[in-house]
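Contents: one structure, followed by commentary.
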Amino acid sequence: MRVLVGTAQCAGCETSHRTHTCTACWFTIYTPQLTDRCDLRALDNRRVNPGDRGRRAMLANPSEEA
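Numbering (numbering that gives the first Met the number 0) for the sequence shown: 0 to 65.
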């Protein structure tokens, strides 16, 4: 299994979230965890929608089971 590691800027909490995405199922975990005030942005400032699967993956620790 491979995991893609990336980042998403957040205009809501003014920080960046690390992303860990499984290439088998495309499930993404965000660290630090997403909150209701998060407004994810790509590096070129486009809005990023984590979708329902991303919202369900609000884990503080990427090693935890989703």
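Ideal Cβ positions, reconstructed from N, Cα and C, are used throughout, including at glycine. From a predicted model like this one, the values you see are computed outputs, not experimental measurements.
Handout entry: Beta-carbon contacts of A23 that lie in its chain and below 7 Å, excluding the five residues immediately before and after
Key = M0
Practice task
Excluding the 5 residues preceding and the 5 following R40 in the sequence, name in chain order all residues of the same chain whose CB lies nearer than 8 Å to its CB.
Solution key: A7, Q8, C9, A10, R46 and V47
Handout entry: According to DSSP, residues forming a beta bridge with A23
Key = Beta-bridge pairing links A23 to no other residue.
Exercise for the section: Kindly indicate which three-state DSSP category L3 falls into: helix, strand or coil? Expected result: strand
Problem - 8 Å contact criterion, which H16 and L42 should meet: CB distance rounded - result: That belief does not hold up - the Cβ atoms of H16 and L42 are roughly 13 Å apart, past 8 Å.
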